[in-house]
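The sequence shown lines up with residues 1 to 219 when you count with the UniProt record's numbering.
Glycine included, C-beta positions come from ideal geometry on N, C-alpha and C.
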Amino acid sequence: MKVTVVSRSGRDILRGPLDLSDSATVADLQEAFHNRAKKFYPSRQRLTLPVAPGSKNKPVVLNTKKPLKEYFDENTRFIPNPLLLRVSCPTLNLPCLLLLPCLQLPWLWTRPCDPSGPDLRYVQPRNFTSSQCVQELCLLLDLGAYIAYYVNHPSYTPVSDLQMKIGFGFGLVCQDANFYRHILLKNLRDPNGSGGYQIPRGFLFNIVTCANYTTEIYQ
């Protein structure tokens with residue numbers, strides 16, 4: 001027998017009908033359909049009979065254990081209703097392999113978050129070499145590219161305009177607080193270069209235990 005598989009709109013999915021034996025079952029039809037269209041796995045297929053135009057009846061779902069003769073005649077066509085398609089192994093595992101270095105080598109992208117980073121060069125004077133400045137600049141650029149990939153991804157869903165403005169304003173406040181905190185720490189240093197430890201006071205230092213990480217985390 002020859003069986004034609006069509007879409008809900010009536011378009012032929014396969015090029016030409018499927019050739020099956022007269023004793024074939026619905027499961028044999030699913031297997032033959034899979035051989036012609038590899039993405040339709042037999043276990044994920046649900047074949048139905050076409051519904052007459054304007055009819056309110058639900059489509060008849062074919063039982064995989066029954067022979068086709070119970071549903072088949074010379075003019076019968078079958079409509080596949082595939083369930084969720086199975087994701088291929090490369091599609092499923094490749095992102096995990098790409099993200100594995102980020103988990104195994106966190107220093108590649110977490111180093112710029114170090115509180116002793118480049119901001120200390122311009123507020124708190126230290127002896128840094130130019131090579132380390134270039135190194136941290138490259139790390140910051142890599143971190144920005146890593147974040148920008150997800151922010152600019154087509155599937156990214158932006159937040160509301162109000163939420164963005166509130167977050168941006170709060171970030172500016174924390175940025176200014178972080179800058180002022182650096183100035184307070186800078187003023188604790190002796191201009192003559194002599195050592196000694198002084199307890200910072202004022203501003204956030206009177207409110208939280210560690211104003212350094214408070215401002216940097218929230219900014």
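Whether residue i touches residue j by CB criterion (8 Å)
| i | j | result |
| --- | --- | --- |
| aspartate 28 | methionine 1 | no |
| threonine 4 | proline 67 | no |
| alanine 177 | threonine 209 | no |
| phenylalanine 40 | leucine 18 | no |
| leucine 62 | arginine 36 | no |
| leucine 49 | tyrosine 71 | yes |
Where residue i falls, given that 16 or more other Cβ within 10 Å makes a residue buried
| i | result |
| --- | --- |
| phenylalanine 170 | exposed |
| leucine 94 | exposed |
| arginine 201 | exposed |
| arginine 181 | buried |
| glutamine 198 | exposed |
| leucine 47 | buried |
| proline 125 | At proline 125, the pLDDT of 48 sits below 50, so the modelled position is not reliable; the number obtained from the coordinates is stated separately. Exposed, by the Cβ-count rule. |
| glutamine 30 | buried |
Residue i Cβ short of 7 Å to the ligand ADP heavy atom set
| i | result |
| --- | --- |
| leucine 99 | The ligand ADP is not among the ligands present in this structure, which contains no ligands whatsoever. |
Euclidean distance between Cα positions of residue i and residue j
| i | j | result |
| --- | --- | --- |
| tyrosine 149 | aspartate 142 | 11 Å |
| glycine 54 | serine 155 | 38 Å |
| phenylalanine 205 | asparagine 212 | 9 Å |
| phenylalanine 203 | cysteine 96 | 45 Å |
| leucine 140 | tyrosine 146 | 10 Å |
| isoleucine 166 | glycine 144 | 22 Å |
| valine 51 | aspartate 161 | 47 Å |
| cysteine 138 | tyrosine 218 | 23 Å |
| leucine 188 | proline 158 | 43 Å |
| valine 60 | arginine 44 | 17 Å |
| isoleucine 207 | cysteine 174 | 15 Å |
| arginine 8 | lysine 65 | 23 Å |
| phenylalanine 168 | histidine 153 | 21 Å |
| valine 151 | lysine 38 | 35 Å |
| lysine 186 | leucine 172 | 21 Å |
| glutamine 163 | arginine 11 | 47 Å |
| glycine 16 | valine 6 | 11 Å |
| leucine 100 | leucine 184 | 41 Å |
| lysine 69 | lysine 56 | 25 Å |
| proline 42 | leucine 20 | 16 Å |
Span of the alpha helix (DSSP H), counted from its first residue to its last, around residue i
| i | result |
| --- | --- |
| threonine 215 | 211 to 218 |
Terminal residues of the beta strand (DSSP E) in which residue i lies
| i | result |
| --- | --- |
| proline 2 | Proline is not the amino acid found at residue 2; the sequence shown has lysine there. 2 to 5 is the span of the beta strand (DSSP E), which, as asked, contains lysine 2. |
Uninterrupted alpha helix (DSSP H) stretches inside the region 20 to 60 (no shorter than 4 residues)
26 to 36
Quick check on the DSSP output: what are the complete alpha helix (DSSP H) runs of length 4 or more inside the region 151 to 208, in order along the chain?
161 to 187
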